[in-house]
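**Q** My questions will all concern the structure given below.
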Amino acid sequence: MLNILVTGSKGQLGKEIQKQSKELSSYCFYFTDVEELDITFYAGIEAFVEKHPIQIIINAAAYTAVDKAEEDEENAFAVNKTAVENLCRIAKVKKASLIHISTDYVFDGSKKTAYQPEDAVKPNSVYGFSKLAGEEAVISSDINYAIVRTSWLYSAHGHNFVKTILKYAKERGELRVVDDQIGNPCFAGDLAKAVLDIIPYISKKEIKKIYHYSNEGNCSWYDFAKAIVEIAEIPCKIEAVSSSEYKTAASRPAYSVMDKTRIKKDFNITIPQWKDSLVKCIQEIKQQ
C-alpha cells in the first residue's frame, strides 16, 4: 500500500482529493493542513515522516492571496518557496516522489497562443515570483517529481470566482467584469482526479516534468461570469470592462491559456470542457 502525504488538505484542491480518495482503497492518505503540519518548518515535517513513512507527497498547499502578496512577500515566499524546499529535502532523504501544484502566474501573459510547459517563464507579481521559486526548488532538488500548473481554480468550497459571482449576482443584480484577460477555468474536482491519476505512474517510474492542467476551452472572466449566472439562472446584468478600469494591487496575465497535450498523453487523461464542469460545480453548490 502506498502512503501518500497531502498538504493543504483544507483548500479547494485538498478537499476534492479527500472526497475522491475514499474510492482508492489501495492508498493510505495522510491529509494535513497548517494546523497538523506546518511545512514551513523542516523539523516538523521530519518528525511527521518518521511516524508515517511516506512514498508520495502531493503539495496542494499554497499562499494564493494574489493581491495581498504584494505587501506580504515574506509569507508568500515562506509557503510557496521555503515550504517546497522543505518537502523536496524530506522527499530526497526518504526517496519519495512529489506532485507539486503550481500556477499560470509564472507567465506574464504576453503570448497570443497557448503556453507550453517548456515556454520561458516571466512572472509579473510577487505571487507569481514566489510560485516560480517553488518550481525552481523542485527542479533543482534531484527528486522524482511532477509539477502541475493550473489556472482559475474554483470549487464548491472556500473562496473563488464562481462563488463570488453567485453571491454578488443575487445581491446586486448587475456586475462589471473584465473581458480582456483570457484563460482556462479549472474545476478543482477535475484537477484532483488528474493528480490522483498521476500516482500510479510516478510511483513506478521517473517523471521529472512540468505539466499543465485546466479544463478544455478558453474564455474571459466576463464570459465566465456570464456562464455562471446563466447556469445558476440568476437574473443579473454582466457588463464587460477593461482591466484598466478595474485596478488590482497585483498584475494578472492578460493571456494565460495553457496547452494540456503533455498531461493527456503521458497519463492517459481525458479533460472535460469548462462549461460542463461549471454546471457540475453549481449543482454541488446548490445542494449545500
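Note that the working numbering gives residue 235 to position 192 of the sequence shown, counting from 1, and the numbers run on in steps of one. Backbone N, C-alpha and C define an ideal beta-carbon position, used for all residues, glycine too.
For residue 180 versus residue 221, is the C-beta spacing smaller than 7 Å?
**A** No, Cβ-Cβ distance for residue 180 and residue 221 is not below 7 Å.
**Q** Counting pairs of Cβ atoms below 8 Å between the segment 75 to 88 and the segment 255 to 275, do you hit three or more?
**A** In short, these stretches do not touch, since the Cβ pair count stays below three.
**Q** For the segment 58 to 65 against the segment 110 to 122, do three or more pairs of beta-carbon atoms, one drawn from each stretch, fall closer than 8 Å, so that the two count as touching?
**A** Short answer: they don't touch.
**Q** Three Cβ pairs or more, each shorter than 8 Å: is that satisfied between the segment 166 to 173 and the segment 214 to 229?
**A** As far as the Cβ criterion goes, the segment 166 to 173 does not touch the segment 214 to 229, which means the pair count is below three.
**Q** Give a yes or no on whether the C-beta atoms belonging to residue 104 and residue 50 are separated by under 7 Å.
**A** Contact: yes.
**Q** For the alpha helix (DSSP H) that residue 128 lies in, which residues bound it at each end?
**A** It spans 126 to 137 - the alpha helix (DSSP H) in which residue 128 sits, taken as one unbroken run.
**Q** Using CA atoms only, rank isn't needed, just tell me which of 317, 66, 300 is closest to residue 156.
**A** Residue 300 is the option with its Cα nearest to residue 156.
**Q** Near residue 306, which residues of its chain fall below 6 Å by C-beta distance, leaving aside the five closest residues on each side in sequence?
**A** So the qualifying residues of the chain are 254, 256, 312.
**Q** According to DSSP, simplified to helix, strand and coil, what is residue 280?
**A** Strand.
**Q** Does the structure place the segment 139 to 153 close enough to the segment 278 to 289 that three or more beta carbon pairs sit under 8 Å?
**A** Output reads no: the segment 139 to 153 does not touch the segment 278 to 289.
**Q** Can you tell me whether residue 198 is buried or exposed? The criterion is at least 16 other CB atoms within 10 Å of its CB, across all chains shown.
**A** With 16 or more other Cβ atoms within 10 Å, it is buried.
**Q** Between residue 195 and residue 272, what straight-line distance do the alpha-carbon atoms span, to the nearest angstrom?
**A** About 17 Å.
**Q** Mapping the DSSP letters down to three states, classify residue 332 as helix, strand or coil.
**A** Summary: the structure shown does not reach residue 332, with the chain confined to residues 44 through 331, and so no result is reported for it.
**Q** Whole angstroms is fine: what's the gap from residue 46's alpha carbon to residue 97's?
**A** Roughly 5 Å between the two C-alpha positions.
**Q** Among 101, 275, 172, 72, which has the Cα closest to the Cα of residue 124?
**A** Nearest of 101, 275, 172, 72 to residue 124, Cα basis: 172.
**Q** Determine the DSSP secondary structure at residue 61, reduced to helix, strand or coil.
**A** In the structure shown, residue 61 sits in a helix (DSSP, three-state: H, G or I).
**Q** Measure the Cβ-Cβ separation of residue 292 and residue 209 and say whether it is below 7 Å.
**A** Taking 7 Å as the Cβ cut-off, residue 292 and residue 209 do not qualify as a contacting pair.
**Q** Taking its Cβ as the centre, do 16 or more other Cβ atoms sit within 10 Å of residue 55, making it buried, or is it exposed?
**A** The residue in question, residue 55, is buried, as its Cβ has 16 or more Cβ neighbours within 10 Å.
**Q** Can you name, in chain order, every residue of its own chain whose Cβ lies under 8 Å from the Cβ of residue 158, other than the five neighbours on each side?
**A** Around residue 158: 147, 150, 255, 299, 300, 301, 302.
**Q** Taking just the CA atoms, how far does residue 231 sit from residue 259?
**A** Distance between the alpha carbons of residue 259 and residue 231: 13 Å.
**Q** Alpha carbon to alpha carbon, how far is residue 109 from residue 294? Give it in angstroms, no decimals.
**A** Approximately 9 Å, taken between the alpha carbons.
**Q** Kindly list the residues whose CB is nearer than 6 Å to the CB of residue 336, restricted to its own chain and excluding five residues on each side of it in sequence; keep chain order.
**A** Within the shown structure, residues of the chain are numbered from 44 to 331, placing residue 336 beyond reach of any answer.
**Q** Roughly how many angstroms lie between the CA atoms of residue 75 and residue 154, to the nearest whole one?
**A** Roughly 37 Å between the two C-alpha positions.
**Q** For the putative contact between residue 187 and residue 251, defined by C-beta atoms under 8 Å, what is the C-beta separation to the nearest angstrom?
**A** Going by Cβ atoms, the distance from residue 187 to residue 251 rounds to 6 Å, so yes, they are a contact pair.
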